[in-house]
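Data block below; observations after.
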Amino acid sequence: MRRALLLGGLAVLALALAALPFMSGNYLVRLATIAFMYVVLASSWNIIGGLAGYPSFASAAFFGLGAYGSAIVRAHAALPLAWCAGALTASLFALLIGPAILRLRGHYFAVASLVLAPVLRELVNGATDLTGGGMGLTLPGSTALSVDATARLYYAVMLAAAVGTVLFTILILSSRLGWALRCIEQNEDASTVLGVNTLTAKVAAFVASAAPAGLAGAIYATWIGYIDPTDVFDDLLSVKPIVMAFLGGVGTIAGPVFGAAIFVALEELVWRNVLNFHAGILGIIIVCLLVFIPGGLGSFRHAAARVRALASKQTNGTARVRSAA
Amino acid sequence: MATTLLEVTGLCVGYGDVRVLHEVGLVVKRGEIVCLIGSNGAGKTTLLRALSGVVRASAGTISFAGESLIGLAPQQIVRRGIAHVPEGRRLFAGMSVRENLLMGAYLRRGARTEIRRDLDLVLTTFPRLAERLSQDAATLSGGEQQMCAIGRGLMAGPQLLLIDELSLGLAPKLVGELGQALLAINRAGLSVLLVEQDVATALRLANYGFVLDTGHIVLADPTALLAKNPMVQEAYLGRAAVNA
Numbered sequence: 004m005r006r007a008l009l010l011g012g013l014a015v016l017a018l019a020l021a022a023l024p025f026m027s028g029n030y031l032v033r034l035a036t037i038a039f040m041y042v043v044l045a046s047s048w049n050i051i052g053g054l055a056g057y058p059s060f061a062s063a064a065f066f067g068l069g070a071y072g073s074a075i076v077r078a079h080a081a082l083p084l085a086w087c088a089g090a091l092t093a094s095l096f097a098l099l100i101g102p103a104i105l106r107l108r109g110h111y112f113a114v115a116s117l118v119l120a121p122v123l124r125e126l127v128n129g130a131t132d133l134t135g136g137g138m139g140l141t142l143p144g145s146t147a148l149s150v151d152a153t154a155r156l157y158y159a160v161m162l163a164a165a166v167g168t169v170l171f172t173i174l175i176l177s178s179r180l181g182w183a184l185r186c187i188e189q190n191e192d193a194s195t196v197l198g199v200n201t202l203t204a205k206v207a208a209f210v211a212s213a214a215p216a217g218l219a220g221a222i223y224a225t226w227i228g229y230i231d232p233t234d235v236f237d238d239l240l241s242v243k244p245i246v247m248a249f250l251g252g253v254g255t256i257a258g259p260v261f262g263a264a265i266f267v268a269l270e271e272l273v274w275r276n277v278l279n280f281h282a283g284i285l286g287i288i289i290v291c292l293l294v295f296i297p298g299g300l301g302s303f304r305h306a307a308a309r310v311r312a313l314a315s316k317q318t319n320g321t322a323r324v325r326s327a328a
Numbered sequence: 007m008a009t010t011l012l013e014v015t016g017l018c019v020g021y022g023d024v025r026v027l028h029e030v031g032l033v034v035k036r037g038e039i040v041c042l043i044g045s046n047g048a049g050k051t052t053l054l055r056a057l058s059g060v061v062r063a064s065a066g067t068i069s070f071a072g073e074s075l076i077g078l079a080p081q082q083i084v085r086r087g088i089a090h091v092p093e094g095r096r097l098f099a100g101m102s103v104r105e106n107l108l109m110g111a112y113l114r115r116g117a118r119t120e121i122r123r124d125l126d127l128v129l130t131t132f133p134r135l136a137e138r139l140s141q142d143a144a145t146l147s148g149g150e151q152q153m154c155a156i157g158r159g160l161m162a163g164p165q166l167l168l169i170d171e172l173s174l175g176l177a178p179k180l181v182g183e184l185g186q187a188l189l190a191i192n193r194a195g196l197s198v199l200l201v202e203q204d205v206a207t208a209l210r211l212a213n214y215g216f217v218l219d220t221g222h223i224v225l226a227d228p229t230a231l232l233a234k235n236p237m238v239q240e241a242y243l244g245r246a247a248v249n250a
């Protein structure tokens, strides 16, 4: 019954997502594309931050490297190759830096991951020959497609990336690595004495988190057509995915997806209505959500179950009292 | 005559500048239950952590079944047959009892029939776990959690089980129950190194005992002798030395 409901819901969602680009204007298509990009970022953060419980602020670093990797390759190669190059650049970076910073735990790891994006931003700024420095890079646009067609192409590509990332997360969660990560999240020392090679598992999770984020950056770069260091290494790109994952429910599959959708909707709503204080309002909403629903919106399901259990216990209790009387 | 399974000589371990263990020597023979007793901060847990490779020894030798364990990573030590039941149980909350137990067999890839058999063995040893297999491990009582932790250790298919504080925070009746289970496991051929603060329990269960005091082994005797030793009686069993 629940399975049928889930499948039915997914079918309706798929239909709606397929119909949207034909039914609506460029504004909604663009908004949806951004939402898909955030789904990729939040779900990929969830691999290291949610499953393994390592509070990573490296999303912006992965995103920016993906963007520059794809931009540089795009000058000489086709689009799909550029996207792969972006994902690969971010993964390689995670593989190199992971073994160093993943020995740190908790806040220490968070701070170490937080400095990655600013350092890369400065490096990219300095490497003018390769990256154009602060001037940024302009990517070759495709003149063959109209504006409408381009918007719909990137809608489809970003949607595919989002679906792919979610499937990738499901795959990891059900694998041996997923078990190791869940144990590390719970108790790293206990995992170690059971024979889990915790550093290897954490690096694998870090790389698995970097690849989709790099891909999102790569697609973003070719979509927008122009990137500069402050845009693609923006610290907000590290913070937003975390907020989204917390909104929806950390460590779950669906949590980051819903969190991203809600966040984009909120951001857009606030941005449109209170232009001069939008960041402040958004901050207040986020703080309220985190204070009042710390487990994310996904925790409502558990809360409902708890209320039901309590209610049935009470009715049982009264029944017993009555029979005793 | 039983052969030596684990032999530790001249083991020194420290954290930073603080030396915790000073040239510790210890022997566990095959099929024995050996207890390591001592007060808080004596270095008992550190010794277990060194044996399972979590902390590095700065000097000394550890040989297990004739092979040196020095410099090996924890997972290599688990593969060689030493399972560690950490202090305070350290179960994985949010995972079921079954999943916790199966995590103990993490390194035994592909050995499905053996894992199945060991799971049955754990569940016959601790029937209470069988009733709670699909329950979240965090909802177990303290005693059941300890059973689950020991079961998780057994699922690694070890030759030697290291148990850190079997009795910690448990009612005496439960400690007795766990002790019986431990004796049954031992009769089935498993050697055990038991670290205990509850000295009376430790001496009752074990064949041989070592007393660790501020990082030094100060006594090593069969438990029958240790129980009569005035120093042990006075320091750990709370009996005043009558004729002193």
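Those sequence lines, one after another, are chains H and F.
Take this note's numbering: the last position of the first sequence gets the number 328, and nothing is skipped along the way.
Take this note's numbering: the last position of the second sequence gets the number 250, and nothing is skipped along the way.
Positions of the beta carbon are idealized from the N, C-alpha and C atoms, including for glycine.
*Take L168 (chain F) as the anchor and find which of F:L199, F:V19, F:T207 has the nearest alpha-carbon.*
F:L199
*Is DSSP giving I288 (chain H) helix, strand or coil here?*
Looking at I288 (chain H) - three-state DSSP - the assignment turns out to be helix.
_From the DSSP secondary-structure annotation, give me the bridge partner or partners of T255 (chain H)._
As DSSP reads the structure, T255 (chain H) sits in no beta bridge.
*Proximal chain H residues relative to S58 (chain F), where beta-carbon distance stays under 7 Å*: V196
_Give me the chain H residues within the contact set of A63 (chain F), using Cβ-Cβ distance strictly less than 7 Å, ordered along the chain._
Here the premise fails: no neighbours, minimum Cβ distance about 16 Å.
*Of the residues H:L218, H:V290, H:C291, H:V273, which one's Cα is nearest the Cα of G89 (chain H)?*
H:L218
*Nearest to Y71 (chain H) by alpha carbon, out of H:A264, H:G298, H:D238, H:D231?*
Scanning H:A264, H:G298, H:D238, H:D231 for the CA closest to the CA of Y71 (chain H) turns up H:D231.
*asked:* Below 8 Å, how does it come out for the region 139-155 of chain H and the region 194-209 of chain H: are there three or more Cβ pairs, yes or no?
replied: no
*Could you list the residues in the region 159-171 of chain F with a C-beta less than 8 Å from some C-beta on chain H, going in chain order?*
A162
*For the 8 Å Cβ check, are there 3 or more pairs between the region 113-122 of chain F and the region 153-168 of chain H?*
no
*Can you tell me the Cα-Cα spacing of V34 (chain F) and H110 (chain H), whole angstroms?*
41 Å
*Whole beta strand (DSSP E) runs in the region 82-106 of chain F with 3 or more residues, listed along the chain?*
88-91
_Per DSSP, what are the beta-bridge partners of A65 (chain F) in this structure?_
Paired residues: F:C18.
*Where does G320 (chain H) land, buried or exposed, given buried means 16+ other C-beta within 10 angstroms?*
For G320 (chain H), the pLDDT reaches just 46, beneath the cut-off of 50, and the residue's location in the model is therefore unreliable, although a value from the coordinates is still provided. That one is exposed.
*Please confirm if A250 (chain F) has its CB atom under 9 Å from at least one CB of chain H.*
Note that A250 (chain F) scores 42 on pLDDT, short of 50, meaning its location in the model is unreliable; the coordinates nonetheless yield the value given after this. Not closer than 9 Å to any Cβ of chain H, the Cβ of A250 (chain F) fails to qualify, so no.
*Measuring CB to CB, does A89 (chain F) end up less than 9 Å from P164 (chain F)?*
Cβ distance < 9 Å, so A89 (chain F) and P164 (chain F) count as in contact.
*Give me whichever residues DSSP pairs with G215 (chain F) in a beta bridge.*
F:C41, F:D227
*Same chain only: Cβ atoms within 7 Å of V333 (chain H), ignoring 5 sequence neighbours per side*: Any answer about residue 333 (chain H) is impossible in this case: the structure gives chain H only from 4 up to 328.
_Comparing C-alpha positions only, which one of H:G28, H:P24, H:G228, H:G262 sits nearest to G299 (chain H)?_
When the alpha-carbon of G299 (chain H) is set against those of H:G28, H:P24, H:G228, H:G262, the nearest one is in H:G262.
*In whole angstroms, what separates the C-alpha of L146 (chain F) from that of C154 (chain F)?*
9 Å
_With the cut-off set at 9 Å, would you say F65 (chain H) and S47 (chain H) are in Cβ contact?_
yes
*In whole angstroms, what is the alpha-carbon distance linking N235 (chain F) and A193 (chain H)?*
36 Å
*What span of residues does the alpha helix (DSSP H) with R123 (chain F) cover, start to end?*
Unbroken alpha helix (DSSP H) run through R123 (chain F): 118-131.
*So, using beta-carbon positions, are D151 (chain H) and N29 (chain H) closer together than 9 Å?*
yes
_Tell me which residue opens and which closes the alpha helix (DSSP H) that G157 (chain F) is part of._
Counting along the chain, the alpha helix (DSSP H) containing G157 (chain F) begins and ends at 148-160.
*Which one of F:E73, F:V30, F:G37, F:A65 has the shortest CA to CA distance from L53 (chain F)?*
Among F:E73, F:V30, F:G37, F:A65, the Cα nearest to that of L53 (chain F) is on F:V30.
*asked:* Is there a Cβ of chain F sitting closer than 9 Å to that of V199 (chain H), yes or no?
replied: At least one C-beta of chain F is nearer than 9 Å to the C-beta of V199 (chain H).
*Any chance the region 179-196 of chain F sits against the region 204-221 of chain F, with 3 or more Cβ pairs inside 8 Å?*
yes
_Environment of S94 (chain H) [buried if 16+ CB atoms lie within 10 Å]_ = buried
*Pick out whichever of F:A233, F:D204, F:L160 has its Cα sitting closest to the Cα of G175 (chain F).*
Looking at the Cα atoms, F:D204 is the closest of the given residues.
*Please report how far the alpha carbon of L127 (chain F) lies from the alpha carbon of V201 (chain F), in whole angstroms.*
24 Å
*asked:* Just to confirm the assignment, what range does the alpha helix (DSSP H) spanning D234 (chain H) have?
replied: 232-235
*asked:* Three or more C-beta pairs under 8 Å: does that hold for the region 7-15 of chain H against the region 33-44 of chain H?
replied: no
_Check whether chain F comes within 9 Å of D257 (chain H), counting only Cβ atoms and requiring the distance to be less than that._
Checking the sequence shown, residue 257 (chain H) turns out to be Ala, not Asp. No, because no Cβ of chain F sits closer than 9 Å to the Cβ of A257 (chain H).
*Continuous alpha helix (DSSP H) stretch holding S58 (chain F): start and end*: It is not in any alpha helix (DSSP H) - S58 (chain F) carries neither H nor E in the DSSP assignment.
*Which residues, in chain order, does the region 83-98 of chain F contribute to contact with chain H at a C-beta distance below 9 Å?*
I83, V84, R85, A89, H90, V91, P92, R95, R96, L97, F98
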